[in-house]
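Numbering (this note's numbering), first residue to last: 612 to 1241.
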């Protein structure tokens, strides 16, 4: 009986293909009649009869997935079966000649367009993993990566999970812990020993978090605490004691000279980051400031200390005297009635011995950036009893930033000479250390969105606004001219386009190819250089695109934008009410939003739609329905 049906189907295909030989290169468009589907050409001649319960467009290799009696198969442009309809599911991959298939027992495999088995049909699930013909394969609650191109396992299927995280780490997980692989070669960077965390009884990978300005993070492993960098490399020998960020201010107040590259401490071990990215460990006691050979701190009465220079008393008396660094002594006064502690910095330089540099302040922190000319400077960040902050230069014996700001941020000082300053209830401004003056108004966020390399360096400074088309605006700051360029973008979170083939994204539900960063990188027109978001208020965030000169080339009025394939001039979009439509890459409308209940991606000038009556059909770029001539 099965053979008879096959013969009848093939006969019908051949009957409607008599004229097809002369139109071999003509594309075929799905058409329906009486809830059955076939294919017509652009002249609206029926080429493949209405024999299918469902169809998909032909791919570039001239193959199409079709459904007959709830079974799926693949046909060619002549309507002949290249994969017989015996699978419960067939999924197109990134390769035209490769398909992920599921049999009636819900087991998955990979086959070619001619039913060659590229991976046996015996696995629980298979997903596309990357653009290098690699697949994520699950079996018996374990997973691995299989390369069809190389016909071998890149990662054996022995792990509980395998996924990219927010740091672009390729994580593998087993019962022992979490490991990190190189995202290109899949070679092991860190063995599975980063500790798990528990969430509602389910073991999950512990999130490896970096401060937004730091390249090193402290983590817990099965062997103890450790430090990890953004390459996924463990940097130290395991420590039994927790590794925590070092409180430089506290240790300086206790007479320790802690360098700026000191990041963490574990008991009495200090971890410092060297310029080459390595971690050096030292004993805390090694940082204790040695007494000056000419000076002596003496306790004269209970809780009273004075400084002597070669047995000559310097008329300064404090409840405590400790070294702040080798050039500055710190005097501490404690008011028992108010409970307040005051700090005084006293010069130990020969030419200014005993001179009070900074007096009666509550908090002090050493900071030694390297500014222009690669010469380090010695600064002290000072906070007064009103919590106002400033920056004092020991060499200049003056404040380079007056004590009048509630907050100071330093991550951009060394590279750009910019300090972020701000007050409570206000926004932030950028202060040029070399000019010793503000270079922007007090209206920006406390972080820089992105550094961009064009003909010169540009920083993106974000600010919020109450009125206008966008709730957040980005201003361009020229590092070459050290001032705002005057160009503003009605949007925020501006991201530069990645090079093709560099974006990886994976999770176990959707797969990496659904990520907008990947689509933007791989398929967007060449003049789409940047992507940005526009906050329109009421929770509405639009996506737009800019060229290399930051001119808008695609309006930010859509909630989602989908690039389909390279060179495709059509984009599928949705608005904030989930209406679907199609526009061109220049923003011109092809299919208006909401005209149809659903709209598929437009390829080769045709797109599947469902109208308000639930009827499915294809339309062309003019919005005309494809139907067969009588």
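Here a beta-carbon is modelled for each residue, glycine too, at the ideal position from N, C-alpha and C. Bear in mind the structure is a predicted one, so any value in this text is a computation, not a measurement.
Of the listed residues the options, nearest to residue i (C-alpha basis)
| i | options | result |
| --- | --- | --- |
| residue 804 | 831, 758, 744 | 831 |
| residue 1239 | 640, 644, 645, 655 | 655 |
| residue 881 | 895, 871, 868 | 895 |
| residue 898 | 915, 871, 886 | 871 |
| residue 795 | 1057, 993, 992, 758 | 758 |
| residue 877 | 766, 858, 966, 923 | 858 |
| residue 1002 | 1035, 964, 1047, 996 | 1047 |
| residue 856 | 841, 847, 1158, 875 | 875 |
| residue 780 | 771, 797, 764 | 797 |
| residue 1080 | 748, 1091, 1140, 1151 | 1151 |
| residue 1073 | 1103, 716, 727 | 1103 |
| residue 799 | 845, 771, 836, 664 | 845 |
| residue 696 | 682, 703, 690 | 682 |
| residue 968 | 952, 1005, 996 | 1005 |
| residue 976 | 964, 966, 989 | 989 |
| residue 1190 | 1160, 1216, 784, 1221 | 1221 |
| residue 1016 | 1000, 1188, 849 | 1000 |
| residue 765 | 751, 771, 740, 1155 | 740 |
Between the CA atoms of residue j and residue i - distance to the nearest angstrom
| i | j | result |
| --- | --- | --- |
| residue 670 | residue 746 | 20 Å |
| residue 1024 | residue 839 | 25 Å |
| residue 928 | residue 918 | 8 Å |
| residue 787 | residue 843 | 17 Å |
| residue 1019 | residue 1041 | 10 Å |
| residue 932 | residue 908 | 7 Å |
| residue 1212 | residue 1166 | 19 Å |
| residue 1237 | residue 825 | 57 Å |
| residue 585 | residue 1021 | No statement about residue 585 is possible, as the shown extent of the chain runs from 612 to 1241 and does not include it. |
| residue 1230 | residue 1192 | 12 Å |
| residue 994 | residue 867 | 20 Å |
| residue 1119 | residue 774 | In this prediction, residue 1119 scores a pLDDT of 38, lower than 50, which makes its location untrustworthy; the coordinate-derived value is nonetheless stated afterwards. C-alpha separation (whole angstroms): 8 Å. |
| residue 886 | residue 987 | 14 Å |
| residue 906 | residue 970 | 20 Å |
| residue 978 | residue 707 | 58 Å |
| residue 1100 | residue 1085 | 5 Å |
| residue 974 | residue 958 | 17 Å |
| residue 1147 | residue 1110 | 30 Å |
| residue 633 | residue 694 | Its pLDDT being 34, under 50, residue 633 is placed unreliably in this model, and the coordinates cannot settle the point. |
| residue 992 | residue 1136 | 48 Å |
Counted within 10 angstroms of its Cβ, other Cβ atoms place residue i as buried (16 or more) or exposed
| i | result |
| --- | --- |
| residue 668 | buried |
| residue 705 | exposed |
| residue 1233 | exposed |
| residue 648 | buried |
| residue 852 | exposed |
| residue 915 | exposed |
| residue 777 | exposed |
| residue 1226 | exposed |
| residue 1183 | buried |
| residue 1200 | exposed |
| residue 936 | buried |
| residue 756 | buried |
| residue 837 | buried |
| residue 847 | buried |
| residue 1223 | exposed |
| residue 816 | With a pLDDT of 48 at residue 816, under the threshold of 50, the modelled position of this residue cannot be trusted, and the question is left open. |
Where the beta strand (DSSP E) containing residue i begins and where it ends
| i | result |
| --- | --- |
| residue 1024 | Taken as a continuous stretch (DSSP letters only), residue 1024 belongs to no beta strand (DSSP E), being part of the alpha helix (DSSP H) at 1024 to 1027. |
| residue 931 | 931 to 936 |
| residue 1068 | 1068 to 1075 |
| residue 1217 | 1217 to 1221 |
| residue 1193 | 1191 to 1195 |
| residue 719 | 719 to 723 |
| residue 1173 | 1171 to 1174 |
| residue 740 | 736 to 741 |
| residue 643 | 640 to 644 |
| residue 1139 | That residue, residue 1139, is in no beta strand (DSSP E); it is neither H nor E in DSSP. |
Start and end residues, alpha helix (DSSP H) containing residue i
| i | result |
| --- | --- |
| residue 1127 | 1127 to 1134 |
| residue 1016 | It is not in any alpha helix (DSSP H) - residue 1016 instead sits in the beta strand (DSSP E) that spans 1009 to 1016. |
| residue 1096 | Segment 1094 to 1100 is the beta strand (DSSP E) holding residue 1096; no alpha helix (DSSP H) there. |
| residue 864 | 859 to 864 |
Bridge partners - residue i, DSSP secondary structure assignment
| i | result |
| --- | --- |
| residue 893 | 881 |
| residue 954 | 943, 972 |
| residue 774 | 782 |
| residue 756 | 747, 766 |
| residue 1103 | 1144 |
| residue 1086 | 1072, 1099 |
| residue 1052 | Bridge partners of residue 1052: none, in fact. |
Near the ligand ATP: residue i beta-carbon under 6 Å from a heavy atom
| i | result |
| --- | --- |
| residue 940 | No copy of the ligand ATP appears in this structure; indeed no ligand is present at all. |
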